[in-house]
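Peer 1: To start, I am sharing the structure in question, which I have written as structure tokens.
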Amino acid sequence: MNDSSDTIHWSEPHCSKDALTDTYGWFLQFLLAVLAFTCLIGKRFCEPKYARRPWLIWFYDTSKQGLGALIIHAANVWLSPYQTGNPCTWYIVNFMLDSTLGLLIIWAGIRLAQYYARVYDIPLINFGEYGKPPMCSAWLCQGVLYAALATFAKSMLALVLQLPLVQAVLSTLRLSPVSDPRLELAIVMLIIPFFVNILIFWVTDNFLMYHPRGVSSKLKTKVRYQSIKKDKSCSDEEEHSADERLLGASV
Numbered sequence: 001m002n003d004s005s006d007t008i009h010w011s012e013p014h015c016s017k018d019a020l021t022d023t024y025g026w027f028l029q030f031l032l033a034v035l036a037f038t039c040l041i042g043k044r045f046c047e048p049k050y051a052r053r054p055w056l057i058w059f060y061d062t063s064k065q066g067l068g069a070l071i072i073h074a075a076n077v078w079l080s081p082y083q084t085g086n087p088c089t090w091y092i093v094n095f096m097l098d099s100t101l102g103l104l105i106i107w108a109g110i111r112l113a114q115y116y117a118r119v120y121d122i123p124l125i126n127f128g129e130y131g132k133p134p135m136c137s138a139w140l141c142q143g144v145l146y147a148a149l150a151t152f153a154k155s156m157l158a159l160v161l162q163l164p165l166v167q168a169v170l171s172t173l174r175l176s177p178v179s180d181p182r183l184e185l186a187i188v189m190l191i192i193p194f195f196v197n198i199l200i201f202w203v204t205d206n207f208l209m210y211h212p213r214g215v216s217s218k219l220k221t222k223v224r225y226q227s228i229k230k231d232k233s234c235s236d237e238e239e240h241s242a243d244e245r246l247l248g249a250s251v
């Protein structure tokens with residue numbers, strides 16, 4: 001018969017209050033940041049050559065996303081231990097809400113900023129456009145605006161999570177049967193966020209980068225026209241060669 005001390009009580013939190021900010025927790029957060037940044041580098045090389053951004057423009061775009069992600073992540077790490085129940089569970093709940101509803105709020109804010117940039121001729125807030133040559137002032141302005149959007153989205157979701165009904169439901173959630181605190185921490189701070197961030201960072205980067213209207217279709221038309229022109233030239237050469245052969249045979 002097992003000793004009562006060996007019995008696992010699934011209702012008890014496996015993550016301690018300081019689990020998110022101890023040495024192991026910081027290591028997981030650093031590793032996640034490196035992997036996420038690597039994914040953004042990979043995305044740049046996956047872009048078509050005609051749309052691939054110079055490194056400076058790429059840095060301007062991705063640094064805004066990094067700043068917003070840092071604000072949201074820091075808020076989640078700070079808020080989770082103060083919630084009732086398992087801090088790891090609360091962290092992953094916050095993360096998933098930020099990756100869905102939070103992303104929707106940020107997207108709406110970016111589109112609204114781009115609308116005002118066009119209507120009122122304010123190029124500094126037109127996300128992804130920094131002028132020619134690229135201006136640091138435009139990057140700073142957009143960075144501050146994106147940080148404000150991320151803060152607003154996080155604040156709205158944090159207020160929703162404070163509702164008594166939401167608190168009562170979410171406080172009963174747990175990551176059973178995961179009983180190892182380190183494994184549980186790795187799941188909520190590295191494994192799940194890594195796969196979700198691949199999608200989220202990819203989508204958000206598309207929000208933030210500049211998309212000139214009509215460029216893609218014009219390039220495709222140009223390539224198609226050049227292909228038709230080349231085929232027509234080859235066809236004319238073949239007909240000319242055939243005429244020469246007929247003339248040679250008649251002589």
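First residue of the sequence shown: 1, per UniProt numbering; consecutive thereafter. C-beta atoms are modelled at their ideal positions from N, C-alpha and C, and glycine is treated no differently. Since this is a predicted model, take the numbers as computed values, not measurements.
#1: Assess contact between the stretch 26–40 and the stretch 189–196, defined as three or more Cβ pairs (one per stretch) separated by less than 8 Å. Is contact present?
#2: Measuring alpha carbon to alpha carbon, tell me which residue in P54, Y91 and V34 is nearest E184.
#3: Enumerate, from N- to C-terminal direction, the unbroken alpha helix (DSSP H) stretches of 4 or more residues contained entirely within the stretch 101–168.
#4: I'd like the span of the alpha helix (DSSP H) that includes A75, first residue to last.
#5: Helix, strand or coil: which one does DSSP assign to E184?
#6: Report all residues from its chain with a CB closer than 8 Å to the CB of L106; omit the five preceding and five following residues, and keep chain order.
#7: Which stretch, first to last residue, makes up the alpha helix (DSSP H) that contains Y24?
#8: Whose C-beta lies closer than 6 Å to the C-beta of A75 among residues of the same chain, with five residues either side of it excluded?
#9: Under 8 Å by Cβ, that's how I've got F201 and Q65 pegged, so tell me the actual separation to the nearest angstrom.
#10: Counting Cβ pairs, one atom from each stretch, are 3 or more of them under 8 Å apart for the stretch 51–64 and the stretch 117–126?
#11: Please tell me whether I200 has its Cβ less than 8 Å away from any Cβ of chain B.
#12: Rounded to whole angstroms, how far is the Cβ of L141 from the Cβ of I125, which I believe are closer than 8 Å?
#13: Return the CA-CA distance between Q167 and C46, expressed in angstroms with no decimal places.
#14: Please classify P48 as buried or exposed, where buried requires at least 16 other C-beta atoms within 10 Å of its C-beta.
#15: Following the continuous alpha helix (DSSP H) through Y91, name the residue where it begins and the one where it ends.
#16: Between which residues of its own chain and S80 is the CB-CB distance below 7 Å, once the five residues before and five after are set aside?
#17: At which residues does the alpha helix (DSSP H) containing L199 begin and terminate?
#18: Using C-beta distances below 7 Å, list every residue in its chain close to L101, excluding the 5 sequence neighbours before and after it, in chain order.
#19: I think Y210 touches G128, with their Cβ atoms under 8 Å apart; what is that distance to the nearest whole Å?
Peer 2: Quick answer:
#1: yes
#2: Residue numbering aside, residue 184 sits at position 184 when the sequence shown is read from its first letter. When each option's Cα is compared against that of E184, the closest is Y91.
#3: 103–119 and 136–161
#4: Residue mapping note: residue 75 aligns to position 75 of the sequence shown, counting from 1. Counting along the chain, the alpha helix (DSSP H) containing A75 begins and ends at W55 to L79.
#5: Here residue 184 refers to the residue found at position 184 of the sequence shown. Of the three classes helix, strand and coil, the one that applies to E184 here is helix, per DSSP.
#6: For the purposes of this step, residue 106 is identified with residue 106 of the sequence shown, where counting begins at 1. According to the sequence displayed, residue 106 carries Ile and not Leu. So the qualifying residues of the chain are G68, Y146, L149, A150, A153, T204 and F207.
#7: Position 24 of the sequence shown, counted from the first residue, corresponds to residue 24. Its alpha helix (DSSP H) spans residues T23 to C46.
#8: As a working mapping, residue 75 is identified with position 75 in the sequence shown. If we look at A75 and ignore the five residues flanking it on each side, its Cβ neighbours are K154.
#9: For this step, residue 201 is matched to residue 201 along the sequence shown. For this step, residue 65 is matched to residue 65 along the sequence shown. That belief holds up - the Cβ atoms of F201 and Q65 are roughly 7 Å apart, short of 8 Å.
#10: no
#11: You won't find chain B in this structure, because it holds only one protein chain.
#12: Within the sequence shown, residue 141 is the residue found at index 141, counting from 1. Within the sequence shown, residue 125 is the residue found at index 125, counting from 1. In the sequence under discussion, the amino acid at residue 141 is Cys, which differs from the Leu named in the question. Confirmed, about 6 Å.
#13: Translated into positions along the sequence shown, residue 167 becomes position 167. Translated into positions along the sequence shown, residue 46 becomes position 46. For Q167 and C46, the distance between alpha carbons rounds to 42 Å.
#14: Within the sequence shown, the letter at position 48 stands for residue 48. Classification for P48: exposed.
#15: For the purposes of this step, residue 91 is taken as the residue at position 91 of the sequence shown. That run of the alpha helix (DSSP H) goes P87 to L97.
#16: Residue numbering aside, residue 80 sits at position 80 when the sequence shown is read from its first letter. Answer for S80: L20, P87, W90, Y91 and N94, listed in chain order.
#17: Position 199 of the sequence shown, counted from the first residue, corresponds to residue 199. That run of the alpha helix (DSSP H) goes I192 to L208.
#18: Looking up residue 101 in the sequence shown gives position 101. Here the set comprises L157.
#19: If you number the sequence shown from 1, residue 210 lands on position 210. If you number the sequence shown from 1, residue 128 lands on position 128. Contact flag correct, Cβ pair sits at about 3 Å.
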